[in-house]
Amino acid sequence: MQKNIYFVVLDLHTTDRDKIIQLFKDWTDYSAKLVEGELVKKDGQNALFPPSDTGETVGLNPHRLTLTFGVSASFLKRMNLENKRPRLFRDLPLFPKEQLREKYTGGDIVIHACADDEQIAFHAIRNLIRKGRNAVPLRWSQSGFAAIGDRMETPWNLFGFKDGTANPTKEQDFDRVIWADSKDWMENGSYMAVRRIQMFLETWDRTSLEEQENTFARYKESGAPFGKKNEFDEVDLSLLPDDSHVCLAKEVDKPLLRRSYSYSDGIDEKTGQFDTGLLFISFQKDPDNFVKVQTNLGATDKMNEYITHIGSGLFTCFGGVEKGGYIGQKLLEG
Numbered sequence: 001m002q003k004n005i006y007f008v009v010l011d012l013h014t015t016d017r018d019k020i021i022q023l024f025k026d027w028t029d030y031s032a033k034l035v036e037g038e039l040v041k042k043d044g045q046n047a048l049f050p051p052s053d054t055g056e057t058v059g060l061n062p063h064r065l066t067l068t069f070g071v072s073a074s075f076l077k078r079m080n081l082e083n084k085r086p087r088l089f090r091d092l093p094l095f096p097k098e099q100l101r102e103k104y105t106g107g108d109i110v111i112h113a114c115a116d117d118e119q120i121a122f123h124a125i126r127n128l129i130r131k132g133r134n135a136v137p138l139r140w141s142q143s144g145f146a147a148i149g150d151r152m153e154t155p156w157n158l159f160g161f162k163d164g165t166a167n168p169t170k171e172q173d174f175d176r177v178i179w180a181d182s183k184d185w186m187e188n189g190s191y192m193a194v195r196r197i198q199m200f201l202e203t204w205d206r207t208s209l210e211e212q213e214n215t216f217a218r219y220k221e222s223g224a225p226f227g228k229k230n231e232f233d234e235v236d237l238s239l240l241p242d243d244s245h246v247c248l249a250k251e252v253d254k255p256l257l258r259r260s261y262s263y264s265d266g267i268d269e270k271t272g273q274f275d276t277g278l279l280f281i282s283f284q285k286d287p288d289n290f291v292k293v294q295t296n297l298g299a300t301d302k303m304n305e306y307i308t309h310i311g312s313g314l315f316t317c318f319g320g321v322e323k324g325g326y327i328g329q330k331l332l333e334g
């Protein structure tokens, strides 16, 4: 997991499949260069035209840049591809206690750029959306950061607790948890659930350590579950408060791969407090796994006293691109 993310959701303002195919081909070409630290395109000698690459990463290494692309159910509908909509790909339901804002919800295309340097991630997104600005304008975006340490430990969230301890770590677990069971255009792909979660830090910071730990059912310093010594020790549900975050998530027992990043967006003008939170991202082979976990958490999770979900989305993420192919080729041409 890299230390920084720049996440963007785009709207689709064309139904011309040829235009989208060409855009996805261009994005594929650009992406191959960006992850190698190269310019997206070398310019000629005419200084009267804008440069093809915005140039803010010249001389820098790519810092483990990765790019992930996906589309929503609304993309399939607008592109007249609903006949290819996977059976599992349904809109997310309404969850208890969420307060979604339109500006952080929905959209047709997602691009997820992660790198160990924030400017590298932003540069990638900037140059990709620049290529398709008229056809796929911005809907919403979010930058984020993860405190993972030099040893690539489990990240710490802004409440001061480890976030992602239960993630799968073995290759055989990835097949069980992440990759979609599909032999069509979603082969080697996954479902991405996204939630923009606002965190009320001022309230949390006035909460006792005992109450904070009871909220998570983990010890703050070590990350160990209650009654255990180490972060990755097996959880004993009988030792956890019934309304704790870990207890409610473990009760459902639906595996996810969490790839969440903290964000800080200055000051909330309505409250005068920090506008901070978590860009929650999970990958799963079946989106219903996320739905069942979030339904359980939304109902009685003690953490709901300190957070609210204000953004949401569900996307299908394409598998890797074969040599000579392009992003989404099996969907758009198959």
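Count the sequence shown with the numbering used here and you get residues 1 to 334, in order.
All C-beta atoms in this analysis are idealised placements derived from N, C-alpha and C, irrespective of residue type, glycine included.
H309 counts as buried, since no fewer than 16 other beta carbons sit within 10 angstroms of its beta carbon. According to DSSP, P225 shares a beta bridge with R218.
In the assembly as shown, R195 is a buried residue. Its beta-carbon has 16 or more other beta-carbons within 10 Å.
Put simply, the segment 196-203 touches the segment 272-289. At least three CB pairs are less than 8 Å apart. Listed in chain order, the non-local C-beta contacts of D108 below 6 Å within the same chain comprise D11, L12, S72, S74 and F75, local neighbours out to five positions each way being set aside. No Cβ-Cβ contact shorter than 8 Å links Y219 with T316.
When secondary structure is reduced to three states using DSSP, D108 falls in the coil class, being assigned neither helix nor strand. Rounded to the nearest whole angstrom, the C-alpha separation of V252 and T295 is 10 Å. The C-alpha of A113 lies about 9 Å from the C-alpha of H123.
Rounded to whole angstroms, K323 and R85 show a C-alpha spacing of 25 Å. By the neighbour-count criterion, in which 16 or more other beta carbons inside 10 Å mark a residue as buried, D53 falls on the buried side. In the displayed model, L248 falls within a helix according to three-state DSSP.
Residue pairing by DSSP puts H309 in a beta bridge opposite I197. Distance from S244 to A217 at the Cβ level is roughly 4 Å; contact confirmed, criterion being Cβ atoms closer than 8 Å.
In the DSSP assignment, V235 falls outside any alpha helix (DSSP H) and carries neither an H nor an E. Cβ neighbours of D301 within its own chain (closer than 6 Å, five residues either side excluded): H245 and L248. Boundaries of the beta strand (DSSP E) harbouring N4: N4 to L10, taken from the DSSP string. Within the same chain, A135 come within 6 Å of T14 by CB-CB distance, once the 5 residues on both sides are set aside. W140 places its beta carbon 8 Å or farther from that of V235. In the structure shown, D173 adopts helical secondary structure according to DSSP, grouped into three states. The residue from G144, K25 and A180 with its alpha-carbon nearest to that of R87 is A180.
Ranked by how close their Cα comes to the Cα of G325, the residues S312, K25 and F7 have K25 in first place. Sequence-distant partners of L138 (beyond 5 residues in either direction) whose C-beta falls short of 7 Å from its own C-beta, in its chain, are V8, L10 and I129. Check the Cα spacing between N289 and each of K270, G311 and I178: the tightest is with I178. Residue environment for L314: buried (at least 16 other C-beta atoms within 10 angstroms of its C-beta).
Per the coordinates, the alpha-carbon of K131 lies some 43 Å from the alpha-carbon of T203. For T66, the enclosing beta strand (DSSP E) stretches over residues T66 to V71.
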